[in-house]
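Trainee: Below is the structure I would like to discuss, written out as structure tokens.
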Amino acid sequence: MRTRLILASLVALSTGCVTQGTFDAKALEADQLSKGLNDEKGARAAAEAKVKELSEQITAQAQEKQALETRLTTSESRLTAGAAERRALQDENAKLSALNDELARNSKKLAQAKEELEKKSSEYENLAQSLKQEISEGKIELSELKGRMTVQLKDKILFASGSSRVGKEGTAALVKIAEALKTVQGKIIRVEGHTDDVPTGGGQFQTNWELSLARAMAVVRTLQDSGVDPTRLSAAGYGQYQPIAANDSAENRSLNRRIEIVLAPKL
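Heads up: the sequence shown is residues -20 to -1, 1 to 247, going by mature numbering (1 follows the signal peptide of the UniProt record, and there is no 0).
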């Protein structure tokens, strides 16, 4: 109605007088224009709302895309790191396996070497059986290493103090030893004399050199007299210069005063 009054006023002012039909036509046109304008405003508002909605959706989608890309990058990094860790672990496992194999081989070699080292010859077994009592009493020690057998006798069972003459007890022990030595083949027999560091004090033996050698020679003669082939026998005196214990007590000096009968392969 308001639109019609406005239009009527405008028409009246511009023309002074119009017909009712003309007025109604103009009014209808004005209503249609107003309605179109309102429709256009509504459509525009709806379009703007749609645009806003779409913009919000796009923003949300962009954020989601960014989050997905971030997670993907992180996952790829983890996968790469995980693959590297697996490869490193596989390498370590391979090294460990190789070390275990090497350890097993070396352990086997060590066991074989130890077995060979500790393996006793028939001569050793025979001598050990012959001297079983003397060994159990601690008068004689018997050892064998890499084919080199040593019979060690304490000087007190062989000699009186300062003497190079073999006593009765010593002779009996050497006879037993000689019986076993006569069956040994392919070995040289070297008798070695050793003393402590106490000076002899002159007399028959000026130094421990002479005393140790004289005692070794006395043992050689006893072995020869007991049937050992003299071509396989030799004597050596080492005096005080190859001790097996420090000469700092009576007990240790007693250990150093000894005769060693060494059986070694012929060169």
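Glycine included, C-beta positions come from ideal geometry on N, C-alpha and C.
Is Lys167 helix, strand or coil when you go by DSSP?
Mentor: The residue labelled residue 167 in the question sits at position 187 within the sequence shown. Three-state DSSP puts Lys167 in a strand.
Trainee: Using a Cβ-Cβ cutoff of less than 6 angstroms, which residues in the same chain neighbour Ile(-15) once the five nearest sequence positions on both sides are dropped?
Mentor: As a working mapping, residue -15 is identified with position 6 in the sequence shown. Any answer about Ile(-15) is weak, because its pLDDT of 46 lies below 50 and its placement is not dependable; what the coordinates show is given next. Taken in chain order, the list of residues that qualify is empty.
Trainee: If you draw a straight line from the alpha carbon of Thr(-18) to that of Leu8, how long is it in whole angstroms?
Mentor: Numbered from 1 along the sequence shown, position 3 holds the residue referred to as residue -18. Numbered from 1 along the sequence shown, position 28 holds the residue referred to as residue 8. For Thr(-18), the pLDDT reaches just 46, beneath the cut-off of 50, and the residue's location in the model is therefore unreliable, although a value from the coordinates is still provided. Answer to the nearest angstrom: the Cα atoms are 10 angstroms apart.
Trainee: Is Ser101 helix, strand or coil by DSSP?
Mentor: Locating residue 101 in the sequence shown gives position 121, where the first residue counts as 1. It is coil, neither helix nor strand.
Trainee: Ile120 by DSSP, collapsed to three states: which one?
Mentor: Start at 1 with the first residue of the sequence shown, and residue 120 comes out as number 140. Residue state, collapsed to three classes: strand.
Trainee: Starting from Gln204 and walking both ways along the alpha helix (DSSP H), at which residues does that stretch end?
Mentor: The residue labelled residue 204 in the question sits at position 224 within the sequence shown. Looking at the DSSP string, the run of the alpha helix (DSSP H) that includes Gln204 is 188 to 205.
Trainee: What does the alpha-carbon distance come out to for the pair residue 313 and Arg128?
Mentor: Shown here, the chain extends from -20 to 247; a query on residue 313 therefore has no answer.
Trainee: Starting from Phe139, follow its DSSP beta bridges and name the residues at the other end.
Mentor: The residue you call residue 139 lines up with position 159 of the sequence shown. BP columns for Phe139 point to Val146.
Trainee: What does a CB cutoff of less than 8 angstroms around Asp209 pick up in its chain, not counting 5 residues either side in sequence?
Mentor: Here residue 209 corresponds to residue number 229 of the sequence shown, with the count starting at 1. Excluding residues within five positions, the ones whose Cβ falls inside 8 angstroms are Lys162.
Trainee: Helix, strand or coil: how does DSSP classify Gln(-1) here?
Mentor: Position 20 of the sequence shown holds residue -1. Three-state DSSP puts Gln(-1) in a helix.
Trainee: Measuring only the C-alpha atoms, how far is Leu34 from Asp4?
Mentor: Counting from one through the sequence shown, the residue named residue 34 turns up at place 54. Counting from one through the sequence shown, the residue named residue 4 turns up at place 24. When rounded, the distance between both Cα atoms is 44 angstroms.
Trainee: Straight-line CA distance for Asn39 to Arg58?
Mentor: On the sequence shown, residue 39 is found 59 positions in, with the first residue counted as 1. On the sequence shown, residue 58 is found 78 positions in, with the first residue counted as 1. For the sequence presented, residue 39 should be read as Thr rather than Asn. Between Thr39 and Arg58, the C-alpha separation is close to 28 angstroms.
Trainee: Using DSSP bridges, identify the partner residues of Arg128.
Mentor: Position 148 of the sequence shown holds residue 128. DSSP lists Leu125 as partners of Arg128.
Trainee: Should Ile241 be labelled buried (16 or more other beta-carbon atoms within 10 Å of its own) or exposed?
Mentor: For this step, residue 241 is matched to residue 261 along the sequence shown. By the 10 Å Cβ count, Ile241 comes out buried.
Trainee: Taking the alpha helix (DSSP H) that Leu243 belongs to, which residues open and close that run?
Mentor: As a position in the sequence shown, residue 243 is number 263, starting the count at 1. It is not in any alpha helix (DSSP H) - Leu243 instead sits in the beta strand (DSSP E) that spans 238 to 245.
Trainee: In three-state DSSP terms, what is Leu111?
Mentor: As a first step, residue 111 must be located in the sequence shown, where it is residue number 131. Three-state DSSP puts Leu111 in coil, outside helix and strand.
Trainee: State the start and end residues of the unbroken beta strand (DSSP E) segment that holds Ser214.
Mentor: Along the sequence shown, one-based indexing puts residue 214 at 234. Looking at the DSSP string, the run of the beta strand (DSSP E) that includes Ser214 is 213 to 217.
Trainee: Pick helix, strand or coil for Gly62, following the three-state DSSP scheme.
Mentor: For the purposes of this step, residue 62 is taken as residue 82 along the sequence shown, with counting starting at 1. In the structure shown, Gly62 sits in a helix (DSSP, three-state: H, G or I).
Trainee: Per DSSP, which residues does Glu172 bridge with? Please list them.
Mentor: As a working note, residue 172 is residue 192 in the sequence shown. Answer by DSSP bridge pairing, in chain order: Ala216, Glu240.
Trainee: Quick check on Arg67: buried or exposed, where buried means 16 or more other Cβ atoms within 10 Å of its Cβ?
Mentor: As a first step, residue 67 is located in the sequence shown; it is residue number 87 there, counting from the start. Exposed: under 16 other Cβ atoms inside 10 Å.
Trainee: Look at the alpha carbon of Ser229 and the alpha carbon of Ala153, and state the distance between them as a whole number of angstroms.
Mentor: Looking up residue 229 in the sequence shown gives position 249. Looking up residue 153 in the sequence shown gives position 173. Answer to the nearest angstrom: the Cα atoms are 27 angstroms apart.
Trainee: Across which residues does DSSP place Leu133 in a beta bridge pair?
Mentor: As a working mapping, residue 133 is identified with position 153 in the sequence shown. Partner(s): Ile120, Ile239.
Trainee: What do you get for Leu243, buried or exposed, if any count of 16 or more other CB atoms within 10 angstroms of its CB means buried?
Mentor: Taking the first residue of the sequence shown as position 1, residue 243 is located at position 263. Leu243 should be labelled buried.
Trainee: Measure the C-alpha to C-alpha separation of Ala108 and Ala91 and round it to an integer number of angstroms.
Mentor: Position 128 of the sequence shown, counted from the first residue, corresponds to residue 108. Position 111 of the sequence shown, counted from the first residue, corresponds to residue 91. The alpha-carbon atoms of Ala108 and Ala91 are separated by roughly 25 angstroms.
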